[in-house]
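Novice: Those sequence lines, one after another, are chains A and B.
Position one of the first sequence corresponds to residue 77 (this note's numbering), numbered consecutively onward.
Position one of the second sequence corresponds to residue 39 (this note's numbering), numbered consecutively onward.
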Amino acid sequence: MTNLNVSDVTLTFGGLHALSSVNLEIQNEMITSVIGPNGAGKTSLLNCISGFYHPNSGEIHYGAHRLTKASPHNVSTIGIARAFQNLELFRGLSVLDNLMLARHQKLRYNLMNAFLFIGKASRVEAENRAHVEAVIDFMELEPYRKQVVGNLSYGVQKRVEVARALTLAPALILLDEPMAGMNIEEKEDIVRFILDIKNEWDITVVLVEHDLGVVMDISDYIYVLDFGEVIGSGSPEEVASNAKVIEAYIGED
Amino acid sequence: MPRSSKPILGKTKLKAQDTEHLLSLSIPQLLRWRVEASGDKAALREKDFGRWISYSWDQYYDFTRKTGLGLRQIGFSKDDKIAIISDNIPEVLYVAIGAQALGGISAGIYQTTLPDEIGQIIDSLDVTVVFCNDQEQVDKVIEVRERIPNVKKVIYEDNRGMRNYQSDDWFMFIDDLYELGEQAHQKDPNLFENLVDETKPDDVCHLCLTSGTTGLPKGAMLTHRNYINMGLQLTEEDPLDPTDEYVSFLPFAWIGEQMNSFGVAMATGIAVNFPESVETAMSDLKEIGPHFMFGAPRIYETIRSQIWLKIDESYWLNKLCYNYFMKIGEQAARYRMTGEKMPISLRLKAWVGRQVMFRPLINQIGFLRLRRAYTGGAALGPELFTFYQALGVNLKQIYGQTEIVGIAYMHRDGDVRPDTVGKPLPWTECRISEKGEILSRSDSVTPGYYKLPEKTAELLEDGWLHSGDAGYIDANGHLVVIDRVSDVMHNNKGEMFSPMFIENRLKFSPYIKEAVVFGDQKDYVAALINVDPIVVGKWAEDRGISFSTFMDLSAKSQVAELIYEEIAKINQNAEKPHFKIHRFAILYKLLDVDDGELTKTGKIRRKFVREKYADLYEALYDEAVSEKTVEAFYQYQDGQTTTVQTKLQFYTMEED
Numbered sequence: 077m078t079n080l081n082v083s084d085v086t087l088t089f090g091g092l093h094a095l096s097s098v099n100l101e102i103q104n105e106m107i108t109s110v111i112g113p114n115g116a117g118k119t120s121l122l123n124c125i126s127g128f129y130h131p132n133s134g135e136i137h138y139g140a141h142r143l144t145k146a147s148p149h150n151v152s153t154i155g156i157a158r159a160f161q162n163l164e165l166f167r168g169l170s171v172l173d174n175l176m177l178a179r180h181q182k183l184r185y186n187l188m189n190a191f192l193f194i195g196k197a198s199r200v201e202a203e204n205r206a207h208v209e210a211v212i213d214f215m216e217l218e219p220y221r222k223q224v225v226g227n228l229s230y231g232v233q234k235r236v237e238v239a240r241a242l243t244l245a246p247a248l249i250l251l252d253e254p255m256a257g258m259n260i261e262e263k264e265d266i267v268r269f270i271l272d273i274k275n276e277w278d279i280t281v282v283l284v285e286h287d288l289g290v291v292m293d294i295s296d297y298i299y300v301l302d303f304g305e306v307i308g309s310g311s312p313e314e315v316a317s318n319a320k321v322i323e324a325y326i327g328e329d
Numbered sequence: 039m040p041r042s043s044k045p046i047l048g049k050t051k052l053k054a055q056d057t058e059h060l061l062s063l064s065i066p067q068l069l070r071w072r073v074e075a076s077g078d079k080a081a082l083r084e085k086d087f088g089r090w091i092s093y094s095w096d097q098y099y100d101f102t103r104k105t106g107l108g109l110r111q112i113g114f115s116k117d118d119k120i121a122i123i124s125d126n127i128p129e130v131l132y133v134a135i136g137a138q139a140l141g142g143i144s145a146g147i148y149q150t151t152l153p154d155e156i157g158q159i160i161d162s163l164d165v166t167v168v169f170c171n172d173q174e175q176v177d178k179v180i181e182v183r184e185r186i187p188n189v190k191k192v193i194y195e196d197n198r199g200m201r202n203y204q205s206d207d208w209f210m211f212i213d214d215l216y217e218l219g220e221q222a223h224q225k226d227p228n229l230f231e232n233l234v235d236e237t238k239p240d241d242v243c244h245l246c247l248t249s250g251t252t253g254l255p256k257g258a259m260l261t262h263r264n265y266i267n268m269g270l271q272l273t274e275e276d277p278l279d280p281t282d283e284y285v286s287f288l289p290f291a292w293i294g295e296q297m298n299s300f301g302v303a304m305a306t307g308i309a310v311n312f313p314e315s316v317e318t319a320m321s322d323l324k325e326i327g328p329h330f331m332f333g334a335p336r337i338y339e340t341i342r343s344q345i346w347l348k349i350d351e352s353y354w355l356n357k358l359c360y361n362y363f364m365k366i367g368e369q370a371a372r373y374r375m376t377g378e379k380m381p382i383s384l385r386l387k388a389w390v391g392r393q394v395m396f397r398p399l400i401n402q403i404g405f406l407r408l409r410r411a412y413t414g415g416a417a418l419g420p421e422l423f424t425f426y427q428a429l430g431v432n433l434k435q436i437y438g439q440t441e442i443v444g445i446a447y448m449h450r451d452g453d454v455r456p457d458t459v460g461k462p463l464p465w466t467e468c469r470i471s472e473k474g475e476i477l478s479r480s481d482s483v484t485p486g487y488y489k490l491p492e493k494t495a496e497l498l499e500d501g502w503l504h505s506g507d508a509g510y511i512d513a514n515g516h517l518v519v520i521d522r523v524s525d526v527m528h529n530n531k532g533e534m535f536s537p538m539f540i541e542n543r544l545k546f547s548p549y550i551k552e553a554v555v556f557g558d559q560k561d562y563v564a565a566l567i568n569v570d571p572i573v574v575g576k577w578a579e580d581r582g583i584s585f586s587t588f589m590d591l592s593a594k595s596q597v598a599e600l601i602y603e604e605i606a607k608i609n610q611n612a613e614k615p616h617f618k619i620h621r622f623a624i625l626y627k628l629l630d631v632d633d634g635e636l637t638k639t640g641k642i643r644r645k646f647v648r649e650k651y652a653d654l655y656e657a658l659y660d661e662a663v664s665e666k667t668v669e670a671f672y673q674y675q676d677g678q679t680t681t682v683q684t685k686l687q688f689y690t691m692e693e694d
């Protein structure tokens, strides 16, 4: 089992404790959600896992890999992909090009091959395209394949963002607020995609999300952060009845 | 039955030997014949994972056999029904024809149908197996599972999201069905051939749903021969090459799609291409570049809007060329549509326009290779025919009912008259009954509705199909459809006219927003007119005519003159003298849904309007009256009512 373990992680910016002694264990092939009010440290936590930030203390392990000091590209090569809250796409490129480009780290051919498009280059590109097409089919992006990302609606761009993460064929995917700013129908679609990512592609999902209804419906396990600390965890039912969590969300009575 | 008009026959040409042979086959037998004739030619193509994947006639037959024998293994047999709720994919044809090979009957259900109705249809058609393409459709069937106890199996094509259903043997993945079929074939390689041999061309092979105006849709029973005959009739007049392409994007449950994938493709051997998804149909169409296309008017309207939009966004030289050549093209189209000889200068200019402007343009929408485009299902505006013909797209109207495999009348090349639906297909007979109803007879007429003998008796008489539509044959031998028989009126000489038909003519004028036509059992046709407040308001402003309210605007004598001119133009183009509007008045208020004058869908409630404005109606039919003072009654939104006195003018059209 290649579980993701976050143990005792503390992250400070100057005097501000973004994360203090956070412990998480993310089980394989489950949907684990991280929730919490604004500024609770959810995105900071994802940044630590994906190598954008390095914690001041504590350890992060993914199976045998130590991620504590790993760089983002190291993290992505060991099977962790991330879909960003603020779309990180090339707005001037087509959906297809964005997805093909996301596969660049899987490209293994030399410059000579690339220029002449012979031997390994054409074969690898064909394999990549086949994989990208599987993702396009999965995320139902066929109508937008050749369209420039910047021209697409926000909801579709979000789907492209998730697709971009999926093209890396990850074992674990970090989804940072995939439903922010979506209407109810787009949300329903995304929920189905997330469930299918887990069920059809056997990918572990870590979901950071504000929409509590969705989180409670689809999560197998939930961690609640507040002011950089884990204030509760458990199954959706357990979390929903946790007094501390209620207090953090609704305030004291 | 008394014959009120002489039957006219589409074309009396001796049927070729080939045709005779094809008509003696069932659809599965014809499929087998195609395999023998051109087994390795592409029969189906499907876009999947961004690529076009071809299936030869050989493979088509193989899959059909696997499906057919697989269905047999799960207990599907002769006269059993299978419902298909699916997007257009090759598997739809495998399942349908596989079931037909066993003597079974397929039935298409629209993908958008709600669970409740799916349950009712499955129940009323005695369906025992359901085929769905994905989880969305399967979930709808599950919702009504209790109410459809006769359904033995639900087969699905896409196993995404179906993981949790696999433990329940009510569901079956299509690959498992193929597996069963393959095993049965290995055990007895002649089994399928024998089953196919047993099918007969006059067996019912498909139940096509026709929307009833009330209650549940009826299932029109269609035979193998119905479909094959339709394909042969159409291509007798409009031949296709076996290497031609067709793109399947209409819903399979609609007769318009079955016409092509069962009828035309089988009769001619053209390839059927399935788009990647419903949303990508138009871009896939462009990639394929079909030779033959069929669609509802909406599709052609949408494509025209897109062309206009693109031209509008284009740079000035393009726009200039487009506008110039469009005018030339429209002139040329008028000659082309009537089959008249074009003056040489116009022909030259039109040729240049086609080469430099329109060929590149229609290539962008995938119409370059199109031999013919057909529109059916509803009327298409005359300007659309001219538009497409000007572009060099041979757009033609067809007309027919589900009960006659969707088509019985069609425009001929070089004889496209936008106000008609063309001439009968070869080997199709047409007659107008005493009541003015269009009757048709051919080998494509359905044997009747499934389990509805009374409805069938109303539909068929000596093999003549009652269309329910009123129409007449014009001087050129073209059929003109007026309206539903139930909606037409007769003047006091017994001449038939359609108020809606005339109202639509009136509403073609930009100045007329709404019109109500009367004349049932009267001397002449008369109309109440609503002017368009925006267009006429602008027209009045431009001419310095001042007005306050809509009532004031409507009462202006200049406005009356404007409408008089419009009606005179319409009268000039009236097909028959008794269609002419003899008297009219301009109504002081807009017809409104809230006042009960229009239905929720915007149709006129003629009877209500006549009673509400009874004094106006009387004045319209009293030529001595030219002015009448009426009390206008208003109800405001807050429930307050008020009465205003106004003078209304009545105008009589001068005969020309």
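The beta-carbon is built from N, C-alpha and C at its ideal position, and this holds for glycine as well.
Considering only C-alpha positions, which residue in the set B:Ile123, B:Ile120, B:Glu236 and B:Arg185 is nearest to B:Ser62?
Specialist: By one-based count along the second sequence, residue 62 of chain B stands at place 24. If we check each option's Cα against that of B:Ser62, B:Glu236 comes out closest.
Novice: Please determine if the segment 307 to 318 of chain B and the segment 75 to 90 of chain B are in contact, where contact requires at least 3 C-beta pairs separated by less than 8 Å.
Specialist: yes
Novice: Compare the C-beta of B:Phe209 against all C-beta atoms of chain A and say whether one is closer than 8 Å.
Specialist: Residue 209 of chain B sits at position 171 when you count from the first residue of the second sequence. No, B:Phe209 lies away from the interface with chain A (no Cβ there is under 8 Å from its Cβ).
Novice: Using 8 Å as the limit for Cβ to Cβ distance, is B:Glu181 near chain A?
Specialist: Locating residue 181 of chain B in the second sequence gives position 143, counting from the first residue. So, not an interface residue.
Novice: If we require 3 or more residues per run, which beta strand (DSSP E) segments fall completely within the segment 230 to 314 of chain B?
Specialist: 242 to 248, 256 to 261, 283 to 285 and 309 to 312
Novice: Please classify A:Ala140: does DSSP put it in a helix, a strand, or coil?
Specialist: Numbered from its first residue, the first sequence carries residue 140 of chain A at position 64. Looking at A:Ala140 - three-state DSSP - the assignment turns out to be coil, as it is neither helix nor strand.
Novice: Does the separation of the CB atoms of B:Gly557 and B:Met527 fall below 8 Å?
Specialist: What you label residue 557 of chain B is simply residue 519 of the second sequence in a count that begins at 1. What you label residue 527 of chain B is simply residue 489 of the second sequence in a count that begins at 1. B:Gly557 is a Cβ neighbour of B:Met527, given a cutoff of 8 Å.
Novice: Within a Cβ cutoff of 7 Å, which residues of the same chain sit near A:Glu105, ignoring the five residues on either side of it in sequence?
Specialist: In the first sequence, residue 105 of chain A corresponds to position 29, counting from 1. Cβ neighbours of A:Glu105 beyond the five flanking positions: Lys274, Asp278 and Thr280.
Novice: Would a C-beta distance cut-off of 8 Å place B:Gly486 and B:Met259 closer than the cut-off?
Specialist: Taking the second sequence and counting its residues from 1, one reaches residue 486 of chain B at position 448. Taking the second sequence and counting its residues from 1, one reaches residue 259 of chain B at position 221. For B:Gly486 and B:Met259, yes; Cβs fall inside 8 Å.
Novice: What residues from the segment 187 to 202 of chain B come within 8 Å of chain A, judged by C-beta to C-beta, listed N to C?
Specialist: Arg198, Gly199 and Arg201
Novice: With a cut-off of 8 Å on the beta carbons, I'd call B:Gln111 and B:Gly219 a contact; round off their distance for me.
Specialist: Here residue 111 of chain B refers to the residue found at position 73 of the second sequence. Here residue 219 of chain B refers to the residue found at position 181 of the second sequence. Contact between B:Gln111 and B:Gly219 holds: CB atoms are separated by about 7 Å, below the 8 Å threshold.
Novice: Give me, in chain order, the residues of the same chain whose beta-carbon lies closer than 6 Å to that of B:Arg41; leave out the 5 immediate sequence neighbours on both sides.
Specialist: On the second sequence, position 3 is the one that residue 41 of chain B refers to. In this prediction, B:Arg41 scores a pLDDT of 40, lower than 50, which makes its location untrustworthy; the coordinate-derived value is nonetheless stated afterwards. Here the set comprises nothing.
Novice: Hey, does A:Ile266 have any beta-carbon neighbour from chain B nearer than 8 Å?
Specialist: Indexing the first sequence from 1 puts residue 266 of chain A at position 190. Not one chain B Cβ lies under 8 Å of A:Ile266.
Novice: Judging by CA-CA distance, which residue of B:Ile341, B:Thr57, B:Ile147 and B:Ile65 is the nearest neighbour of B:Thr273?
Specialist: Walking along the second sequence from the start, residue 273 of chain B turns up at place 235. Checked all of B:Ile341, B:Thr57, B:Ile147 and B:Ile65; the closest Cα to B:Thr273 is B:Thr57.
Novice: Can you tell me whether A:His180 is helix, strand or coil according to DSSP?
Specialist: As a working mapping, residue 180 of chain A is identified with position 104 in the first sequence. Helix at A:His180.
Novice: CA-CA distance, B:Val563 and B:Pro128?
Specialist: Looking up residue 563 of chain B in the second sequence gives position 525. Looking up residue 128 of chain B in the second sequence gives position 90. Cα-Cα distance, rounded: 53 Å.
Novice: When you compare the CB of A:Ala210 with every CB in chain B, is at least one pair closer than 8 Å?
Specialist: Your numbering for residue 210 of chain A matches position 134 in the first sequence. Yes, its Cβ sits closer than 8 Å to a Cβ of chain B.
Novice: Taking only beta-carbon atoms, is A:Glu314 less than 8 Å away from chain B?
Specialist: Here the question's residue 314 of chain A lines up with position 238 in the first sequence. Answer no: the Cβ-Cβ gap between A:Glu314 and chain B never drops below 8 Å.
Novice: In terms of residue numbering, what span does the alpha helix (DSSP H) encompassing B:Thr424 cover?
Specialist: Along the second sequence, one-based indexing puts residue 424 of chain B at 386. Residues Pro420 to Leu429.
Novice: How many Å lie between B:Asp481 and B:Asp570 at the Cα?
Specialist: What you label residue 481 of chain B is simply residue 443 of the second sequence in a count that begins at 1. What you label residue 570 of chain B is simply residue 532 of the second sequence in a count that begins at 1. Each residue's Cα considered, the two are about 48 Å apart.
Novice: Name, going along the chain, the residues of the segment 366 to 382 of chain B whose beta-carbon falls closer than 7 Å to a beta-carbon of chain A.
Specialist: none
Novice: Quick check on B:Gly452: does DSSP put it in helix, strand or coil?
Specialist: Along the second sequence, one-based indexing puts residue 452 of chain B at 414. Of the three classes helix, strand and coil, the one that applies to B:Gly452 here is coil, per DSSP.
Novice: For B:Ser94, write down the residues that DSSP places opposite it in a beta bridge.
Specialist: For the purposes of this step, residue 94 of chain B is identified with residue 56 of the second sequence, where counting begins at 1. Beta-bridge pairing links B:Ser94 to B:Ala80.
Novice: Is B:Glu314 close to chain A? Criterion is C-beta to C-beta, closer than 8 Å.
Specialist: For this step, residue 314 of chain B is matched to residue 276 along the second sequence. Output row for B:Glu314: interface = yes.
Novice: Taking contact to mean at least 3 C-beta pairs separated by less than 8 Å, is the segment 649 to 661 of chain B in contact with the segment 585 to 603 of chain B?
Specialist: Output reads no: the segment 585 to 603 of chain B does not touch the segment 649 to 661 of chain B.
Novice: Apart from the five residues on each side of it in sequence, which residues of its chain come closer than 8 Å, Cβ to Cβ, to B:Ile120?
Specialist: Looking up residue 120 of chain B in the second sequence gives position 82. Result list for B:Ile120: Leu109, Phe114, Val133, Ala134, Ala137, Gly142, Ile143, Ser144, Ala145, Val165, Thr166, Val167, Val168 and Phe169, in chain order.
Novice: Once DSSP output is grouped into helix, strand and coil, what is the label at B:Trp502?
Specialist: Within the second sequence, numbered from 1, the residue matching residue 502 of chain B stands at position 464. B:Trp502 falls in the strand class under three-state DSSP.
Novice: Spatial neighbours of A:Arg221 within its chain, please: CB distance less than 8 Å, with the 5 preceding and 5 following residues excluded, ordered by chain position.
Specialist: On the first sequence, residue 221 of chain A is found 145 positions in, with the first residue counted as 1. Once the five neighbours on either side are set aside, the close Cβ partners of A:Arg221 are Ser170, Val171, Leu172 and Ile212.
Novice: Using a Cβ cut-off of 8 Å (strictly closer), state whether A:Asn275 contacts chain B.
Specialist: In the first sequence, the residue the question calls residue 275 of chain A occupies position 199. Taking Cβ atoms only, chain B reaches closer than 8 Å to A:Asn275, which makes this a yes.
Novice: Between which two residues does the alpha helix (DSSP H) carrying B:Asn401 extend?
Specialist: Along the second sequence, one-based indexing puts residue 401 of chain B at 363. Membership of B:Asn401 in the alpha helix (DSSP H) is indicated by the continuous run Arg397 to Ile403.
Novice: So the candidates are B:Leu625, B:Asp206, B:Glu661 and B:Ile65; which of them puts its Cα closest to the Cα of B:Thr587?
Specialist: Taking the second sequence and counting its residues from 1, the one referred to as residue 587 of chain B is at position 549. Checking every option, the nearest Cα to that of B:Thr587 belongs to B:Leu625.
Novice: For B:Tyr602, report the span of its alpha helix (DSSP H) as first-last.
Specialist: Along the second sequence, one-based indexing puts residue 602 of chain B at 564. From DSSP, the alpha helix (DSSP H) with B:Tyr602 extends over Ser595 to Gln610.
Novice: Considering Cα atoms alone, identify which of A:Leu92, A:Ser311, A:Glu285 and A:Val85 is closest to A:Asp296.
Specialist: Counted from its first residue, the first sequence places residue 296 of chain A at position 220. The candidate whose alpha carbon is nearest that of A:Asp296 is A:Ser311.
Novice: Would you identify the three-state DSSP class for A:Val284, choosing helix, strand or coil?
Specialist: Within the first sequence, residue 284 of chain A is the residue found at index 208, counting from 1. Three-state DSSP puts A:Val284 in a strand.
Novice: Helix, strand or coil for B:Pro462 per DSSP?
Specialist: Translated into the one-based positions of the second sequence, residue 462 of chain B becomes position 424. In the structure shown, B:Pro462 sits in a strand (DSSP, three-state: E or B).
Novice: Assuming B:Ile642 is part of the beta strand (DSSP E), what are its boundary residues?
Specialist: Residue mapping note: residue 642 of chain B aligns to position 604 of the second sequence, counting from 1. Here B:Ile642 belongs to no beta strand (DSSP E), and DSSP marks it neither H nor E.
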